[in-house]
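For the sequence shown, my numbering gives the first residue as 2, with consecutive numbering after it.
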Amino acid sequence: MGGGCASIAAAFELSRPEHQGKYEITIYQVGWRIGGKGASGRGLADRIEEHGLHVWMGFYENAFRLLRECYAELNRDPKQCRFADWRDAFVTEPINGVLDKLSNGKWYPRLTQFPPTDGFPGDPLSEHNPFSIRGYLIRGFQSLRVLLSASQLRSSQGSYGADQFTSTPEPSSSTAEFILDNISRLLRYGIVGGITGVIEATGLMQVALEFVPLVSEGILVRLCELIAESARAVLRPLIESDDEMRWIWEITDLVVASALGVLRCGLLNDPRGLDPLDQYEMREFLVMNGASESTLRSSLLRGCYDLAFAYEDGDFSRPAIAAGQAIRGAVRMFFTYRGSIFWKMRAGMGDIVFAPFYEVLKRRNVRFEFFHRLENVKLAKHLRPGERCYVEALEFDVQARIKGGGEYQPLVDVRGVPCWPSLPDFDQLVDGQRFAGERRDFESHWERRKVATRTLRVKDDFDVVVLGVGLGAIPYVCGEIVHHDRRWSEMVKHCKTVATQAFQIWMSKPVEHLGWRYNQCTVTSFERPFDTWADMRHLISEETWTTQPRAIAYFCSALPDAQIPRPTDSDYAEQSLYRVKRNAIEFLERSMGHLWPGAVGRDGFRFDLLMDPQHPNRPGRANDESAFDTQYWRANVNPSDRYCLSVPGSIKFRISPLDNTYDNLCVAGDWTYCGFNQGCVEAAVMSGRLAAHAISGFPRLTEIVGYDHP
2 MGGGCASIAA
12 AFELSRPEHQ
22 GKYEITIYQV
32 GWRIGGKGAS
42 GRGLADRIEE
52 HGLHVWMGFY
62 ENAFRLLREC
72 YAELNRDPKQ
82 CRFADWRDAF
92 VTEPINGVLD
102 KLSNGKWYPR
112 LTQFPPTDGF
122 PGDPLSEHNP
132 FSIRGYLIRG
142 FQSLRVLLSA
152 SQLRSSQGSY
162 GADQFTSTPE
172 PSSSTAEFIL
182 DNISRLLRYG
192 IVGGITGVIE
202 ATGLMQVALE
212 FVPLVSEGIL
222 VRLCELIAES
232 ARAVLRPLIE
242 SDDEMRWIWE
252 ITDLVVASAL
262 GVLRCGLLND
272 PRGLDPLDQY
282 EMREFLVMNG
292 ASESTLRSSL
302 LRGCYDLAFA
312 YEDGDFSRPA
322 IAAGQAIRGA
332 VRMFFTYRGS
342 IFWKMRAGMG
352 DIVFAPFYEV
362 LKRRNVRFEF
372 FHRLENVKLA
382 KHLRPGERCY
392 VEALEFDVQA
402 RIKGGGEYQP
412 LVDVRGVPCW
422 PSLPDFDQLV
432 DGQRFAGERR
442 DFESHWERRK
452 VATRTLRVKD
462 DFDVVVLGVG
472 LGAIPYVCGE
482 IVHHDRRWSE
492 MVKHCKTVAT
502 QAFQIWMSKP
512 VEHLGWRYNQ
522 CTVTSFERPF
532 DTWADMRHLI
542 SEETWTTQPR
552 AIAYFCSALP
562 DAQIPRPTDS
572 DYAEQSLYRV
582 KRNAIEFLER
592 SMGHLWPGAV
602 GRDGFRFDLL
612 MDPQHPNRPG
622 RANDESAFDT
632 QYWRANVNPS
642 DRYCLSVPGS
652 IKFRISPLDN
662 TYDNLCVAGD
672 WTYCGFNQGC
682 VEAAVMSGRL
692 AAHAISGFPR
702 LTEIVGYDHP
């Protein structure tokens, strides 16, 4: 049920040739395209129109592995398709950062060029497992030592106390006794004077972690507390008048407070990993371990919330993310990426990801039933003694029928690349022109019109169900289960979702001409209501404008939205879309001068920069907000489109794809308990692979990278 990343991953695993056709698979999908929250389409001038900003991270081991296998199996001819290999389909983006508000009120980009690392995501892992708490801590202190060494160049403070200690030993030339002796000498002084001393202590912690368990966790806690106290004593006095030192201090404080909390909770050898920390909100956890008030307000920490839309009900005054998952997300992002920290797709997510998967799955005889809106997952009411509860029937509303009773053909060709269109092909549908005239939005939760109903029955039509809809849709399609099963009702109650908003603009001037002085990048922690911006200029050549734009920019953020209205509130989707439009226009008028000074004139934002795909050469383009009507914006308020949050105390209520409470039902999605409990492509693919394992025993759990739970 559903065609998002989780369902597609499950179908890909279950349809592998190794299964020798054991499973007959059908994917039932509302509307005309697959992709879930990652769906995209081609509009006028073949513009790429996304649900939001989609970039892949270098730690997406499972997602890249399956996609690489998909491209290899697809075996496209590079002479006919410019995206023949997965490397053709992605471009690295090593420069990323946050926008930091300085003491003078100006916004300053804190950009980092992350160095390339060995290999690519999806390559076989070496014997060394990077996904361990000890490995995360070692990398954290290693990075902190480099940062503090850089800060030493800015500080005129001496290195009092540094000569009391030997230089940091290398693990290969050290023994546990030697390390303990150095730590004991450090601890006797109570606090390390000067940045040099803190650097030495940080390096010693890095080496000591190599000797766990010979060096006890108690000793490591004491050493980490010393580093925390010393760093605060040395750095905090320097930050009042120096924004650069403030930035270094905030990073140091975040790393040390997080590491100290992990060590104090005794998690180095805990089989539950970081999960025990999920009862705490991240800011609460940092305060418990000594983080300063300025660190809690820092742009870097805010970026962790912005990238995860981590605001309850989209309310920016209510940030909420579970500490364990927040730390897991940060350390995997920064310390386990391969090749590049970010990978951007060279076209839309639908073109680069879902069209290839669709083609491969079709070759494997997987069936797709589009225009099927799931209405009810019906449980069996009469069970025999000893029989587990099971799904008896699946009830659908059929949104449209295909002419001639054939299969809907969903893809269009864009200069040799199969792509999804932004609108369905009404010519393939019975009464399609009438539907087009009525502007039927087949993907809208509030579009209730149908041409028929359809019921699938167990044994006759299916054996096993993989439920791959979004969390927000569960109360609407699984009412019987939620009512019948307390665990499901608790999940719906405690696991939260948030609506999101996004807009895209195409401009006639490059951003450098508008005052942006930095490389192409993705940044977050900017002004609300659109805190995250990505420079997407690499997509210009992919679209087919008669006169090409010189810049493409994507913006996204959470959307304040306390609850999902009833299905009968048919105006809600349109009202939400209008609200996003107003948010976008007001944001351009009020905030773009901070980002692109040249995009703002005496009367506000220069709307004449925006290009109309139907009239790209029109002279005297409108220089008022009416020009925004030619751009693209979205309000992701459909229940299944809402983003799943990782609020503190909620993760224990998630249902695992391995759960076998129901005899013929598995769940799949980034909202499940899957080893990386946060809304993203990697979590969804991990969940889909787990669902396939629950049904077939494959892939083996050890092959699901990062799934380290008992």
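Built from N, CA and C at the ideal position, the CB exists for glycine as well.
- For Asp-464, the closest of Gly-670, Gly-42, Tyr-391, Ala-331 by C-alpha to C-alpha distance is Tyr-391.
- Per DSSP, the unbroken beta strand (DSSP E) holding His-373 starts and ends at 373 to 380.
- Distance from the CA atom of Ile-49 to the CA atom of Arg-43, rounded to whole angstroms, is 5 Å.
- In terms of CA proximity to Met-58, Phe-335 leads the group Phe-335, Gln-114, Thr-296.
- Exclusion of the five residues before and after Arg-66 leaves Gly-123 as the residues of its chain whose Cβ lies within less than 6 Å of its Cβ.
- For Arg-111, the beta-bridge partners assigned by DSSP are Val-99.
- Nearest C-alpha to Arg-643 among Phe-527, Ala-356, Gln-679, Val-415: Gln-679.
- Cβ contact annotation for Asp-316 (same chain, cutoff 7 Å, sequence separation greater than five): Pro-561, in chain order.
- Counting only residues of its own chain and dropping the five nearest sequence neighbours on each side, Ile-342 has a CB closer than 8 Å to the CB of Met-58, Gly-59, Glu-94, Pro-95, Asn-97, Phe-115, Met-334, Phe-335.
- Contact check between the segment 517 to 532 and the segment 660 to 680: fewer than three CB pairs, one atom from each, fall below 8 Å, which does not count as touching.
- Within its own chain, the residues whose Cβ lies closer than 6 Å to the Cβ of Gly-37, once the five positions on either side in sequence are excluded, are Gly-5, listed in chain order.
- For Thr-337, no alpha helix (DSSP H) segment is defined, and its DSSP state is neither H nor E.
- Between the segment 266 to 280 and the segment 457 to 471, the count of C-beta pairs closer than 8 Å stays below three; the two stretches do not touch.
- Excluding sequence positions up to five before and after Ala-292, its CB lies within less than 6 Å of the CB of Asp-254, Ala-258, all in the same chain and listed in chain order.
- Where Asp-536 is concerned, the enclosing beta strand (DSSP E) starts and stops at 533 to 536.
- When C-beta atoms of the segment 643 to 654 are compared with those of the segment 511 to 526, fewer than three pairs fall below 8 Å, so the two segments do not count as touching.
- The way I'd put it, the segment 64 to 78 doesn't touch the segment 501 to 512; fewer than three beta-carbon pairs between them come closer than 8 Å.
- Annotation for Ser-300: the continuous alpha helix (DSSP H) segment containing it runs 300 to 308.
- By the CB criterion at 8 Å, His-55 and Met-289 fall outside the cutoff.
- DSSP lists Glu-51 as the bridge partner or partners of Ser-41.
- Taking each of Val-332, Asp-398, Glu-408, Phe-443 in turn and checking the Cα distance to Arg-455, the smallest one comes out for Asp-398.
- Here Tyr-644 is bridged, per DSSP, to Val-499.
- As for any beta strand (DSSP E) of minimum length 3 sitting wholly inside the segment 392 to 474, the runs are 392 to 399, 413 to 415, 418 to 420, 453 to 458, 466 to 468, ordered along the chain.
- Of all C-beta pairs linking the segment 624 to 637 to the segment 595 to 615, three or more are shorter than 8 Å, placing the two stretches in contact.
- Taking C-beta atoms as the reference points, Ala-321 and Pro-640 fail to come closer than 8 Å.
- Beta-bridge partners of Lys-23 (DSSP): none assigned.
- With contacts defined as CB atoms closer than 8 Å, Leu-666 and Val-470 fail to qualify as a contacting pair.
- Fully contained in the segment 654 to 703 are the following alpha helix (DSSP H) runs of length 4 or more, in chain order: 682 to 697.
- The three-state secondary structure of Ser-558, taken from DSSP, is strand.
- The bridge partners DSSP lists for Val-222 come to none.
- Inter-residue distance for Pro-700 and His-694 is about 6 Å (C-alpha atoms, whole angstroms).
- Going by beta carbons, Thr-203 and Leu-268 fall outside the 8 Å limit.
- Here Glu-370 carries a strand assignment [DSSP, helix/strand/coil].
- Thr-523 carries a strand assignment under DSSP once its states are collapsed to helix, strand and coil.
- Below 8 Å, enough C-beta pairs join the segment 26 to 35 and the segment 360 to 377 to call them touching: three or more.
- A distance below 8 Å separates the beta carbons of Lys-510 and Leu-610.
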